[in-house]
Amino acid sequence: MRRRSPAALALTCAALLASSLAGLDARPARGHEPTPPIAAAPAANRGPFSLVDHHGRAVTDEDFLGSYMLVYFGYTHCPDVCPIDLQVMTEAIDLMGEQGAGVQPVFITVDPGRDTVAVMADYVAAFHPRLIGLTGTPEQVAAAWRTYRVRRMKFFPLNPDDGGDQGHDAPAGGNPGYLVDHSAAFFLVGPDGGGLVQYAHGMPAEEIAADLRQVIAEAPR
Ligand code: NI
Numbered sequence: 018m019r020r021r022s023p024a025a026l027a028l029t030c031a032a033l034l035a036s037s038l039a040g041l042d043a044r045p046a047r048g049h050e051p052t053p054p055i056a057a058a059p060a061a062n063r064g065p066f067s068l069v070d071h072h073g074r075a076v077t078d079e080d081f082l083g084s085y086m087l088v089y090f091g092y093t094h095c096p097d098v099c100p101i102d103l104q105v106m107t108e109a110i111d112l113m114g115e116q117g118a119g120v121q122p123v124f125i126t127v128d129p130g131r132d133t134v135a136v137m138a139d140y141v142a143a144f145h146p147r148l149i150g151l152t153g154t155p156e157q158v159a160a161a162w163r164t165y166r167v168r169r170m171k172f173f174p175l176n177p178d179d180g181g182d183q184g185h186d187a188p189a190g191g192n193p194g195y196l197v198d199h200s201a202a203f204f205l206v207g208p209d210g211g212g213l214v215q216y217a218h219g220m221p222a223e224e225i226a227a228d229l230r231q232v233i234a235e236a237p238r
């Protein structure tokens, strides 16, 4: 596990303070559970996964060895938090300048039923030319969620016309308009595949970029 220098800790605390001072703005919207602001993942977490990228190619975590990876779990139908977080994530990487080229942004779906390869291709292109979208079979994607300890639950918004008590049940005949409650955080994975640090939803791109620079500067060469 990476040791954080006092300077890095001070930076982190400043970021946390700033985000807590931001109050309501720092809280995830409905349908996204808050995650601990900064938590180092266990060093043993190598983040294994076997998925399909937005070009339809089979990929595993081993394809990303050798570069840093910033991973976000979400879904393309997400009405609020996911688009904001993906924008923040890719902005942070761009703010790093040349150093950002060593960080691969990755978006893994929590909604494989709707997020097909074609849907993912359209979606990631709207955010960043280097953003890689990953989907797969329900089993493949569920394995990736377990690896990253991402929680996820499909739910159906209350419909005032149905009596208003069917919130978490699938309506008869199915309902394509479901939402997915999911963890909202960015996971930094090191070049050796080990989990390094987790950034919470609500952290500004500037703070994430600054911490990423620090992490890379401190990394053993
Ligand atoms: Ni979302």
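All letters in the sequence shown, in the order written, are residues 18 to 238 by our numbering. Quick reminder that beta carbons are idealized off the backbone N, C-alpha and C, glycines included.
Self-check item: I149 - partner residues in DSSP beta bridges
Solution: In the DSSP output, where bridge partners are listed per residue, I149 has V123.
Item checked: D139 versus I233: straight-line alpha-carbon distance, rounded -> Put simply, the backbone Cα of D139 is about 31 angstroms away from that of I233.
Discussion item. Please state the DSSP three-state secondary structure of D198.
Written reply: strand
Check each candidate in R163, G73 and H94 and name the one with the smallest Cα separation from T152.
G73
For F66, which three-state DSSP category applies?
In the three-state DSSP reduction, F66 falls in the coil class, being neither helix nor strand.
Return the chain-ordered list of same chain residues with a C-beta closer than 6 angstroms to the C-beta of D128, the five sequence neighbours on each side being excluded.
Y92 and V197
Quiz item: Does the beta-carbon of S200 have 16 or more other beta-carbons within 10 angstroms, so that it is buried, or is it exposed?
Solution: Buried, because 16 or more other Cβ atoms sit within 10 Å of the Cβ of S200.
* With DSSP collapsed to three states, give me the class of G212. => strand
Next item on the list: Return yes when at least one heavy atom of the ligand NI lies under 7 angstroms from the C-beta of Y92, else no.
Entry: yes
Q) For M106, does the three-state DSSP call read helix, strand or coil? A) helix
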